[in-house]
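So the protein lines, in turn, are chains Y and C.
Heads up: the first sequence is residues 1 to 114, going by the working numbering.
Heads up: the second sequence is residues 115 to 226, going by the working numbering.
Beta carbons: idealized from backbone N, C-alpha and C, even for Gly.
Since the structure is predicted, the reported quantities are computational estimates derived from the model, not experimental observations.
Remarks on the structure that follows.
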Amino acid sequence: DAGVIQSPRHEVTEMGQEVTLRCKPISGHDYLFWYRQTMMRGLELLIYFNNNVPIDDSGMPEDRFSAKMPNASFSTLKIQPSEPRDSAVYFCASSLAGTGNTIYFGEGSWLTVV
Amino acid sequence: SQQGEEDPQALSIQEGENATMNCSYKTSINNLQWYRQNSGRGLVHLILIRSNEREKHSGRLRVTLDTSKKSSSLLITASRAADTASYFCATGVNTGGFKTIFGAGTRLFVKA
């Protein structure tokens, strides 16, 4: 099993630019999560999907952030326009209902906005 | 706000010693999980304990859960330098879907 695959692994961008992070969940998983990790705020749940439908986006910090899941094998997290305070590690994770919701994480996308 | 809070924030021990980390949470849960994160990597699931369980073992790991106190502990016995990592508790809450919230983590350093 390939695990959760995220891209890019590292991105450095200038303030004001659009950033798109991509995620391929584990095949067959029906939950997909986007988390953000920073030293100051720890690991924050931004949004999660169940069967491609957004269930809870209350953690999305502001309208500059948007997430989509057009099909069961792909999701994107977009930041437009990006700001330096968006610099963080963004994790995508997936899980399968009925397994106690054990979450499988990708290796993260390290975003730096300068 | 975060659901789980770990204690201590950081822990430094000698190889061979036991390491105990605690987690407190605020609301009713379906289960509690512990994860490990090596520097620069994603989190990896270690163990899950359901709300109707009190103790669970997996290898050198022992987890307890006290729902009356809304707390859990993770014990790593006979620690090794390779156990050096951050450890997070996570609580699963049924909110129409399953929402999993992570605590701030405990940074464990095991000295060889």
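- Contact between the stretch 16 to 27 of chain Y and the stretch 100 to 112 of chain Y is present: 3 or more CB-CB pairs across the two stretches fall below 8 Å.
- In summary, the residues of the stretch 1 to 34 of chain Y whose CB is separated from some CB of chain C by less than 8 Å are V4, Y31 and F33, in the order they occur in the chain.
- When the alpha-carbon of R164(C) is set against those of N208(C), Q151(C), G154(C) and L146(C), the nearest one is in L146(C).
- Close to chain Y, meaning a Cβ-Cβ distance shorter than 9 Å, are the following residues of the stretch 154 to 174 of chain C: G154, R155, G156, L157, V158, H159, L162 and R164.
- Residue burial annotation: S82(Y) is buried, with at least 16 other C-beta atoms found within 10 angstroms of its C-beta.
- Between A124(C) and chain Y, the shortest Cβ-Cβ separation is not below 8 Å.
- For I26(Y), no beta strand (DSSP E) run applies, since DSSP gives it neither H nor E.
- Between I103(Y) and H159(C), the beta carbon gap of about 7 Å places them in contact (Cβ cut-off 8 Å).
- Rounded to the nearest whole angstrom, the C-alpha separation of K183(C) and T13(Y) is 46 Å.
- Taking a C-beta distance under 8 Å as the contact criterion, N101(Y) and F202(C) do not qualify as a contact pair.
- In this chain, K183(C) is not harboured by any beta strand (DSSP E), its DSSP state being neither H nor E.
- In the DSSP assignment, G42(Y) falls within the unbroken beta strand (DSSP E) covering G42 to N50.
- Residues of chain Y whose Cβ lies closer than 7 Å to the Cβ of A218(C) are, in chain order, G42.
- Across the structure, F105(Y) and L43(Y) are spaced so that their CA atoms are roughly 12 Å apart.
- About 17 Å separates the Cβ atoms of T38(Y) and A93(Y), ruling out a contact at the 8 Å cut-off.
- Within 8 Å of the CB of T102(Y), the CB atoms of chain C belong to Q147, H159 and L162, in sequence order along the chain.
- Straight through space, the alpha carbons of E167(C) and G217(C) are spaced by roughly 20 Å.
- By the criterion of at least three beta-carbon pairs nearer than 8 Å, the stretch 40 to 60 of chain Y is not in contact with the stretch 125 to 137 of chain C.
- Put simply, the CB of F223(C) is far from chain Y, with every gap to its CB atoms at 8 Å or more.
- Every candidate alpha helix (DSSP H) stretch fails here, since none sits fully inside the stretch 127 to 152 of chain C while reaching 4 residues.
- Here R221(C) carries a strand assignment [DSSP, helix/strand/coil].
- Here the C-alpha atom of G219(C) lies approximately 31 Å from the C-alpha atom of A72(Y).
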